[in-house]
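Okay, so here's the structure we're looking at.
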Amino acid sequence: MDLEVIREKAWQSMGTRHSHPDREPGYAFFHGQRVAKIAVQLRKLVFPDEEQYDDVLVVGSWFHDVGKGIEPHWEYGALICREILADLCPADKLEKIVEIVGSHTLRKAREYPFYVKLVQDADILDHYGSQEIWLRFWHCAYRRESVDYALQFQRDSYMSHVKKVRALLNFSQSAEFFDEKDQFIRDFMERFAKEAEGELLGK
Ligand SMILES: [Fe+2]
Numbered sequence: 053m054d055l056e057v058i059r060e061k062a063w064q065s066m067g068t069r070h071s072h073p074d075r076e077p078g079y080a081f082f083h084g085q086r087v088a089k090i091a092v093q094l095r096k097l098v099f100p101d102e103e104q105y106d107d108v109l110v111v112g113s114w115f116h117d118v119g120k121g122i123e124p125h126w127e128y129g130a131l132i133c134r135e136i137l138a139d140l141c142p143a144d145k146l147e148k149i150v151e152i153v154g155s156h157t158l159r160k161a162r163e164y165p166f167y168v169k170l171v172q173d174a175d176i177l178d179h180y181g182s183q184e185i186w187l188r189f190w191h192c193a194y195r196r197e198s199v200d201y202a203l204q205f206q207r208d209s210y211m212s213h214v215k216k217v218r219a220l221l222n223f224s225q226s227a228e229f230f231d232e233k234d235q236f237i238r239d240f241m242e243r244f245a246k247e248a249e250g251e252l253l254g255k
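Counted the way my numbering counts, the sequence shown spans residues 53 to 255.
In structure tokens:
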């Protein structure tokens, strides 16, 4: 597969598209690029001998949200990426890529091959850590919401939300990264809550 050509196709279909009002234009493209890198890093840790799947992981990650905005986006995404990639991927790889796109949201609904599970986990991981803060602030800005609104989410919903999402991870290695990102968010929001009250920190 010519990854440069395929990446260009991903850019054409997602690079400037505004598929979700709470996120910046092009989000699906840049998120997909990050998910691919995360998926390959996880693959190296969890399945060190399966390097031959990396191109499938990368292309599946790039296109996993190509259907975003047309719900159910994983089903439309599977159709869209099959069409875009028809002449660019060998048949066996195309099937795996379509499988990744078509089932990336249906976590734990059934047993999946490891390449689907890796992208499912990478997709979750890219929404946490500093990216979570970015998404939350973007959400607040778009909705014209206050600092208090962001803090209220932290107080009322964050913990139960994170517990649910963590339980959807497939690999213990993913959970370790998730916990580190979760801790970063808690620390950041704790400071944000204090500074929102005008507290001076650092002494
Ligand atoms: Fe995603």
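Glycine included, every Cβ here is placed at the ideal spot set by N, Cα and C.
Measuring only from the beta carbon, is residue i closer than 7 Å to any heavy atom that is part of ligand 1?
| i | result |
| --- | --- |
| residue 87 | yes |
| residue 173 | no |
| residue 191 | no |
| residue 83 | yes |
| residue 116 | yes |
Beta carbon of residue i, beta carbon of residue j: below 8 Å?
| i | j | result |
| --- | --- | --- |
| residue 127 | residue 154 | yes |
| residue 178 | residue 226 | no |
| residue 114 | residue 130 | no |
| residue 90 | residue 180 | no |
| residue 120 | residue 62 | no |
| residue 116 | residue 171 | yes |
| residue 112 | residue 58 | no |
| residue 162 | residue 220 | no |
| residue 199 | residue 248 | yes |
| residue 75 | residue 187 | yes |
| residue 136 | residue 65 | yes |
| residue 243 | residue 252 | no |
Could you check where the alpha helix (DSSP H) with residue i kicks off and where it finishes?
| i | result |
| --- | --- |
| residue 216 | 211–218 |
| residue 125 | 125–137 |
| residue 108 | 106–115 |
| residue 231 | 224–248 |
| residue 202 | 199–205 |
| residue 161 | No alpha helix (DSSP H) contains residue 161, which DSSP labels as neither H nor E. |
| residue 66 | 55–66 |
| residue 78 | Taken as a continuous stretch (DSSP letters only), residue 78 belongs to no alpha helix (DSSP H), as it is neither H nor E. |
| residue 182 | 182–194 |
Just checking my contact of residue i with residue j at CB under 8 Å: how many whole Å lie between their CB atoms?
| i | j | result |
| --- | --- | --- |
| residue 175 | residue 191 | Not a contact, Cβ separation roughly 18 Å. |
| residue 223 | residue 94 | 7 Å |
| residue 211 | residue 141 | Rounded, the Cβ-Cβ distance is 42 Å, inconsistent with contact. |
| residue 107 | residue 55 | 7 Å |
Taking C-alpha atoms, which residue in the options lies nearest to residue i?
| i | options | result |
| --- | --- | --- |
| residue 245 | 198, 147, 203, 209 | 203 |
| residue 196 | 73, 233, 78, 250 | 73 |
| residue 152 | 143, 169, 98, 188 | 169 |
| residue 99 | 167, 135, 228 | 167 |
| residue 118 | 107, 105, 231, 132 | 132 |
| residue 184 | 103, 193, 69, 234 | 234 |
| residue 182 | 232, 104, 71 | 232 |
| residue 206 | 229, 218, 240, 193 | 240 |
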